[in-house]
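Numbering (our numbering), first residue to last: 146 to 527.
By construction, the Cβ of each residue, glycine as well, lies at the ideal position given by its N, Cα and C atoms.
These notes concern the structure reproduced below.
If you want it as structure tokens, here you go:
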């Protein structure tokens with residue numbers, strides 16, 4: 146498992162569209178470095194590391210690393226306007242983005258356990274794959290319990306390695322940028338720590354809301370604030386700008402942009418979770434309904450429906466649905482205006498974010514790239 150991207154050949158992105166490939170190179174190098182230690186513990190640990198590597202490297206849109214790099218470019222652009230010639234270190238931003246991908250791998254593996262999902266990106270989820278491995282081998286005990294236990298540990302491994310990669314310790318110390326600079330470690334480390342706590346806090350809120358059957362729209366938005374808006378958009382933008390030495394004014398503006406784009410991103414995700422094409426999303430149709438998720442879309446639908454229709458919709462949440470039942474749930478959400486409400490909110494949030502982007506103290510090209518990225522976040526189809 147040698148790296149196809151040696152340290153001295155990492156590609157520095159010329160624009161945001163190049164970030165996913167560059168971050169893939171960082172991840173490939175990191176996995177190549179950390180694998181021997183895992184495999185030396187025992188071959189089965191090496192197999193777990195290989196599963197994590199394949200899961201992380203295959204698929205995914207690399208949204209968060211792209212936003213880290215966008216924030217970093219904003220910080221560099223602003224700084225060059227204020228203090229020309231200070232220099233920059235794109236390797237730190239790329240490595241931070243790659244580290245977030247490992248947090249995302251952990252979050253997805255654990256999410257799939259919580260949601261009892263069978264597929265992810267058109268393939269079996271990690272816990273289902275491990276369950277099949279156990280069953281095929283004829284091992285003792287419950288295949289399902291083994292699959293869940295193994296997937297939890299693989300997710301934990303991803304979270305542990307994310308910290309190593311971000312801070313540049315262990316094998317990551319020999320990668321581009323080395324250990325984080327003292328000032329950057331203090332400032333960016335605080336953002337990193339807050340982001341990890343927020344995404345887990347949002348996940349806890351999500352699980353509790355589903356168990357309580359909380360149908361309030363405000364509760365759904367509270368989950369979005371932390372599980373998605375902060376973790377997916379706002380904190381990555383802030384992290385990149387902080388690594389670049391961005392001003393307090395810039396970071397506050399990026400937080401505002403990130404909040405609005407993050408909520409818009411999740412509202413679009415809610416729509417795709419009910420109306421999305423499995424060929425595009427990689428997940429079954431109506432997966433959010435089957436999982437019983439109390440998304441903003443469903444909360445608005447329940448709050449707008451009358452007693453009879455609301456009761457009918459509740460009966461279609463949290464269980465397997467026939468094609469006819471799924472079609473009826475979709476029909477209700479459209480008829481009560483929940484879908485139109487989501488689209489209007491997405492448009493409003495996108496317009497507000499674009500206005501803030503326009504006012505950023507950066508080069509025109511940097512603003513244009515961030516503007517285009519923001520538009521894609523709210524109007525994606527997968």
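Contact between the stretch 453-466 and the stretch 490-510: three or more CB pairs below 8 Å? no
Which word fits residue 187, buried or exposed, when buried means at least 16 other C-beta atoms lie within 10 angstroms of its C-beta? To locate residue 187, count along the chain shown from 1; it is residue 42. Exposed.
When burial is assigned at 16 or more other CB atoms within 10 Å of the CB, is residue 157 buried or exposed? As a working mapping, residue 157 is identified with position 12 in the chain shown. Counting Cβ neighbours within 10 Å, residue 157 comes out exposed, since fewer than 16 surround it.
Rounded C-alpha distance that separates residue 265 from residue 288: The residue labelled residue 265 in the question sits at position 120 within the chain shown. The residue labelled residue 288 in the question sits at position 143 within the chain shown. Rounded to whole angstroms, residue 265 to residue 288 spans 19 Å at the Cα level.
Would you say residue 437 and residue 471 are within 7 Å of each other, going by their C-beta atoms? Position 292 of the chain shown holds residue 437. Position 326 of the chain shown holds residue 471. Not a contact, by the Cβ cut-off of 7 Å.
Does DSSP put residue 268 in a helix, a strand or coil? Start at 1 with the first residue of the chain shown, and residue 268 comes out as number 123. Note: residue 268 maps to strand in three-state DSSP.
From residue 355 to residue 402, what distance separates their C-alpha atoms? Indexing the chain shown from 1 puts residue 355 at position 210. Indexing the chain shown from 1 puts residue 402 at position 257. Taking the straight line joining both Cα atoms gives about 29 Å.
Candidates 185, 196, 433, 223: which alpha carbon is nearest residue 510's? Taking the chain shown and counting its residues from 1, one reaches residue 510 at position 365. Of the candidates 185, 196, 433, 223, the one whose C-alpha sits nearest the C-alpha of residue 510 is 223.
Tell me whether the beta-carbon of residue 197 lies closer than 7 Å to the beta-carbon of residue 303. Taking the first residue of the chain shown as 1, we reach residue 197 at position 52. Taking the first residue of the chain shown as 1, we reach residue 303 at position 158. Yes; because the gap between Cβ atoms is below 7 Å, this pair is in contact.
Can you grab the Cα-Cα spacing for the pair residue 516 / residue 447, in whole Å? Position 371 of the chain shown, counting from 1, holds the residue named residue 516. Position 302 of the chain shown, counting from 1, holds the residue named residue 447. Those two C-alpha atoms are separated by around 34 Å.
Would you say the stretch 401-415 touches the stretch 256-273, given that touching needs at least three Cβ pairs under 8 Å? no
Taking 7 Å as the threshold (C-beta atoms), are residue 220 and residue 379 in contact? Against the chain shown, residue 379 aligns to sequence position 234. Against the chain shown, residue 220 aligns to sequence position 75. No; because the gap between Cβ atoms is not below 7 Å, this pair is not in contact.
Using only the alpha-carbon positions, how far apart do residue 150 and residue 239 sit? Taking the first residue of the chain shown as position 1, residue 150 is located at position 5. Taking the first residue of the chain shown as position 1, residue 239 is located at position 94. In this prediction, residue 150 has a pLDDT of 37, which is less than 50 and means its spatial position is unreliable; nothing more can be read from the coordinates.
Taking buried to mean at least 16 other C-beta atoms within 10 Å of its own C-beta, is residue 353 buried or exposed? As a first step, residue 353 is located in the chain shown; it is residue number 208 there, counting from the start. By the neighbour-count rule (16 or more Cβ atoms within 10 Å), residue 353 is not buried but exposed.
Taking a contact to mean a Cβ-Cβ separation below 7 Å, would you say residue 312 touches residue 292 in this structure? Along the chain shown, one-based indexing puts residue 312 at 167. Along the chain shown, one-based indexing puts residue 292 at 147. Contact flag unset, no.
Evaluate residue 182 with the Cβ neighbour count: other Cβ atoms within 10 Å of its Cβ, from every protein chain shown; 16 or more gives buried, anything less gives exposed. Sequence index remark: in the chain shown, residue 182 carries index 37 (1-based). So residue 182 ends up on the exposed side.
How should residue 421 be labelled, buried or exposed, when 16 other C-beta atoms within 10 angstroms of its C-beta is the threshold for buried? In the chain shown, residue 421 corresponds to position 276, counting from 1. The residue is buried, with at least 16 neighbouring Cβ atoms inside 10 Å.
Near residue 372, what residues of its chain come up, given a Cβ to Cβ distance below 7 Å and the 5 sequence neighbours on each side ignored? Position 227 of the chain shown holds residue 372. Within the same chain, residue 372 has close Cβ partners 344, 347, 348, 351.
Kindly indicate which three-state DSSP category residue 285 falls into: helix, strand or coil? Taking the chain shown and counting its residues from 1, one reaches residue 285 at position 140. In this structure, residue 285 counts as coil in the three-state DSSP scheme.
Inter-residue CB distance, residue 250 and residue 200 (contact presumed, cutoff 8 Å): Translated into the one-based positions of the chain shown, residue 250 becomes position 105. Translated into the one-based positions of the chain shown, residue 200 becomes position 55. Right, the Cβ-Cβ distance comes to about 6 Å (below 8 Å), so this counts as a contact.
Hey, is the stretch 209-219 in contact with the stretch 355-366, meaning 3+ C-beta pairs nearer than 8 Å? no
C-beta atoms of residue 412 and residue 399 nearer than 7 Å: Here the question's residue 412 lines up with position 267 in the chain shown. Here the question's residue 399 lines up with position 254 in the chain shown. Result no, Cβ atoms of residue 412 and residue 399 do not sit closer than 7 Å.
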